[in-house]
C-alpha cells in the first residue's frame, strides 16, 4: 500500500475512534434526555415508589444517595488522606511491610466492586456489623473507593517539593507541624480533586449495594440504621419492570443521577484547574 | 545518630537546654494513628480473602472442584443441582471479547490522536469529554445497552435477543475507551520528545513516527492499559445484569442470552437464597473465581506499568 | 591589628578584609561550636572525616573548597539536618555552648530553633510574606506580639521597606533576591543565635548577592554566622575566619572530605600554611 493510502487509512481509523467514543456519548445523553424528560416532575423528588407508575417517585432513593455521599465524605477522605500521609511522610520505604502496603492498595484499586459487595454480604450474614442498613452501604462503598482516594492524595502530597519540607524543619517545626502547616495545605487542591472524583464514582455504584441488601422496594424515608435503597438501585429496579411508564421513570431517575455524578466531576475538574499550584 | 563521650573542652559558658519540649509528645501518637488508618486497607484485603475463602472452601468440600471448573451445565437452584461453571466463564469471555474489540482500537486511536496529532485546543475540548465518558455510572450504561443499542442492532438486521451479549459487550467497550485512552496517552506523553525529533529528523512523517517510534516506546504502558481493560470488563456487573441476561447458556454466539460470572453473583446475592445452603455458597465460589481471574490480570498490569515507569521516569 | 606580610593576592581585597579582626582577638570570644574529630558517613560511604575546629561568637566563618569536599554535609551537622537522611551517621563530637549537640537527651527540633538555616535556592512557603516569617514563632507557640516579631525580623533582613505594604501578598511574587532575604527574615524570627547559610547567594544576581553580603556584615553583630561558599572572593569579603576543605583519596580508592586549614581569613588568603590551601586560593586548581 502506498504511503498516502496507509496514512489515509490510519487517519480514518483515528477519526472512527473519536466518532465512536464521543458519538456514543452524545447518543447516550440524547436518548436519556428524550426518554427521561417526560418523567421529570416534582413527584419524582417527593413521592416514594409505588406499584402504580403514575404515583411513583424516587424520594427515598434520592435522600439515601445524598446521605451516603455525606457519610462517604466523612469516612473515606480522612482515612484515605491519613494513609497517604503515612505512606509518603512516615513510612520507611525499605521496610517490607510498607512495600506490601503499597502493592496491596494498588491491587485493591482494581478489584471489581462486586467483590466488595461479597465482603459486605459475608459479614452481614454472620451477624458482624450493623446489618442490612444504610450505614453498611456507606461503609462498603467507602472501602471501594478508598484506594482511589489514597492514590490521588499520595500524588498530591508527593508533588510538594522537598525544599519546602526542609525549610519548615530547619525552622524548628516538628515533623507533624511541618506536614500539617505546609505540606497538607499545599496538597489540598489535588486531594480535593481526587476525593470528589472518587465520591462521584461511589455514588453511581450499584452492585455492592445489591449484595448487601439494598432493598428494591423501599417506600419510607431512609435512616442511618434502617433498611434502605439508593438511586442507582432504584433505577435498576425500574429498568427491570416491563411497564413502559416505569422505563420513563427509570430514564428520569437516570437524569437526576447523571446531574449529581457529572456535577461532581465538573466540580473536581474546576477545583483542579482553578487551584493548580505553581512551584 | 551515635551517642558518645563528651570530651574535655573549654566551650562557651552560655547554658543551653536542648531537651525535648512538650511539642514532641504528640508526635508518636500521631504516627500511630496514621499507621492505623493505613491498616484499614490491609484489613480490607484480609476481609475480602477471608470472606471468599471460607464459604468457597466449604463449597468445594461439597461439590467436586473438577465438576465445578469443567462442567458445562450451570443449574445451582434446580433439583438435582448442577454446578458446572463453564457457561458463566464462557459468557464472561464472550462479553469481554466484544468489549475489547471496541475498547482497544478506539481507545488506542483516541490516545494516539490526543498525544501525537491533536492541537492544544482540541485536547482541551476532548479530554474533559473523555472524563465525562468515564464518569457515567454503569447502571446508566446498562439502561442504554438495553433500550438503545439492542433495538438499533435489530434495526440494522442483527437478530439479537432482547438480552444478548453483543449489546452488553459493545457498551462495556465504550465504557472502557477512557481507561485504555488515558493510560495509553500517559504512556505516550512520557516518551521523550527527543525520540520523536530523531525520527522526524530522518524524514519520517507523523504517522510513521507515531506508529513506529512512539507506540513501541510506550508499549508496556499501552499493554498495561489493555490488561486493565480486560480486568474491568471481566468484573463489570450492572451492564451485564441489565442487558445480557440471567440465563446461563454455553454459547459463543453473541446474539444469544447468557449469564456472566458477575451477573450470577449480582442476581443471586440479591435474591432470596437461604444462607448456609450449597446454592448460597455458590456465590462465594463464583466470587472466588472472579477474584482470582481479576487479581492475576491486575498483577500483570501493575508489573507492566512499573516496568514502563522504570524506563522513562 | 598585626602587620600584614607581603600579600600574594590583590591588595585592594585586603582592604576589605581588614574590617575583620585578628585571630587572637577572635579566639578570645566565646566558642559557640567546638568540633572534635567529626566524621559523616552515608550508608557506610565516608563523606567527611577528622574535622576539628571552633566557631566563635559574633563572627562570620566561611567554609570554602572544591566541590565534593563535604562543605554542605558539614554545615548540616550544626543543625542536625543530617538526621533527616536515612543512613547518615555522625561520629565525633560537636559541642554547642556547654552541651553536646548529639547528646542522648537532645531534641533536634530544639536545636533547629536555635541554629537557623538559609538554603542555596530560596524556598519561601507558598503563603503570604507575613505567614512565612510568622511560621517559626507560630510553631513554637509564640502567639503574642507576632506583628512586632515579623517587623523586627524583616527589618533585620533589610526587607521591611520593600515588604511592609505587601505583607499579605504571596511570597512567591517576590524576586529571587527578595525571596532569599525573606528566608533570612524567616530564620531570624525564631531568635536563633547561629545562622547557617549554604551558598546563600549562588542562585542570585550580583546586585542581590552584594545585598546579602552586606546583610551578613550587619547580622554578625547579634548573631554567629557560618556560610558555605564556592566563591573565594565572597569568603574574602565577608568572613572573619575561613576554613578550607579539600578531597582526600584513601588507599581503597574512596574519596572523602577533610579540613585542611582554618584561620583568620586574611591569613588564609595571604599566608596559607598548607600547600593545598595556597594552590586553591591562588587559583592553581579548583
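Chains as they are written, first to last, in the working numbering: chain A, -4 to 274; chain B, 237 to 549; chain C, 21 to 306. Glycine included, each C-beta is placed from N, C-alpha and C at the ideal position.
Item: Between the CA atoms of residue 98 of chain C and residue 53 of chain C - distance to the nearest angstrom; Value: 8 Å
Item: Partner residues on chain B for residue 9 of chain A, Cβ-Cβ distance less than 9 Å; Value: 345, 346, 348, 349 and 353
Item: Proximity to residue 104 of chain A [Cα-Cα], best of B:286, B:281 and B:411; Value: B:281
Item: Three-state secondary structure assigned by DSSP to residue 146 of chain A; Value: helix
Item: Collapsed DSSP secondary structure at residue 117 of chain C in the structure displayed; Value: coil
Item: 7 Å Cβ shell around residue 237 of chain B - same chain, five flanking residues per side excluded; Value: Residue placement at residue 237 of chain B cannot be trusted, given a pLDDT of 36 that sits under 50; what the coordinates show is reported in the next sentence. Answer for residue 237 of chain B: no residue qualifies.
Item: Status (buried if at least 16 other CB within 10 Å, exposed otherwise) for residue 218 of chain C; Value: buried
Item: Residue 14 of chain A classed as buried or exposed, judged by whether at least 16 other C-beta atoms fall within 10 angstroms; Value: exposed
Item: Contacting positions in the region 389 to 412 of chain B - beta carbon closer than 7 Å to chain A; Value: 410
Item: Where residue 169 of chain A meets chain C, residues with beta-carbon distance less than 8 Å; Value: 129 and 159
Item: Bridge partners - residue 245 of chain C, DSSP secondary structure assignment; Value: C:80 and C:215
Item: Reduced DSSP category for residue 276 of chain C - H, G, I as helix; E, B as strand; rest coil; Value: strand
Item: Residue from A:150, A:57, A:52 and A:272 whose Cα sits closest to the Cα of residue 192 of chain C; Value: A:272
Item: Span separating the alpha-carbon of residue 35 of chain C from that of residue 296 of chain C; Value: With a pLDDT of 44 at residue 35 of chain C, under the threshold of 50, the predicted position of this residue should be treated as unreliable, though the coordinate-derived value follows. Straight-line Cα distance between these residues: approximately 25 Å.
Item: Minimum C-alpha distance to residue 121 of chain C - residue among C:104, C:55 and C:154; Value: C:55
Item: Where the beta strand (DSSP E) through residue 260 of chain A begins and ends; Value: Per DSSP, residue 260 of chain A belongs to no beta strand (DSSP E); it is in the alpha helix (DSSP H), 239 to 269.
Item: 8 Å Cβ cutoff met for residue 204 of chain C and residue 138 of chain C; Value: yes
Item: Contacting residues, own chain, Cβ-Cβ under 7 Å from residue 291 of chain B (five flanking each side not counted); Value: 517 and 520
Item: Test: residue 420 of chain B CB closer than 8 Å to a CB of chain A; Value: no
Item: Short CB-CB distance (under 8 Å) between residue 183 of chain A and chain C; Value: no
Item: Coil, strand or helix - residue 57 of chain C by DSSP; Value: strand
Item: Residues that residue 261 of chain C bridges to, as DSSP identifies them; Value: C:81 and C:284
Item: Contact under 8 Å by Cβ, residue 468 of chain B with residue 383 of chain B; Value: no
Item: Sufficient close CB pairs (3 or more, under 8 Å) joining the region 442 to 460 of chain B to the region 534 to 544 of chain B; Value: yes
Item: Closest by C-alpha distance to residue 272 of chain C, when choosing among C:48, C:60 and C:66; Value: C:66
Item: Beta-carbon proximity check, residue 348 of chain B vs residue 9 of chain A, cutoff 8 Å; Value: yes
Item: Through-space distance from residue 298 of chain B to residue 271 of chain B, alpha-carbon basis; Value: 41 Å
Item: Secondary structure, beta strand (DSSP E): runs of 3+ residues fully inside the region 168 to 229 of chain C; Value: 214 to 218
Item: Residue 231 of chain A at chain B interface by Cβ criterion, 8 Å; Value: yes
Item: Under 8 Å (Cβ pairs) to chain A, residues found in the region 356 to 383 of chain B; Value: 362, 364, 365, 366, 367, 368, 369, 371, 372, 373, 374, 375, 376, 377, 378, 379, 380, 382 and 383
Item: Cα-Cα separation, residue 66 of chain A to residue 369 of chain B; Value: 26 Å
Item: Local conformation of residue 494 of chain B per DSSP, three classes; Value: coil
Item: At least three beta-carbon pairs within less than 8 Å, the region 477 to 488 of chain B to the region 320 to 338 of chain B; Value: yes
Item: Cβ-Cβ separation, residue 111 of chain A to residue 203 of chain A (assumed contact under 8 Å), whole Å; Value: 5 Å
Item: Residue 1 of chain A burial status per 10 Å Cβ neighbour count (16 or more: buried); Value: exposed
Item: Close-in-space but distant-in-sequence residues of the same chain around residue 78 of chain A (CB under 6 Å, 5 per side omitted); Value: 145
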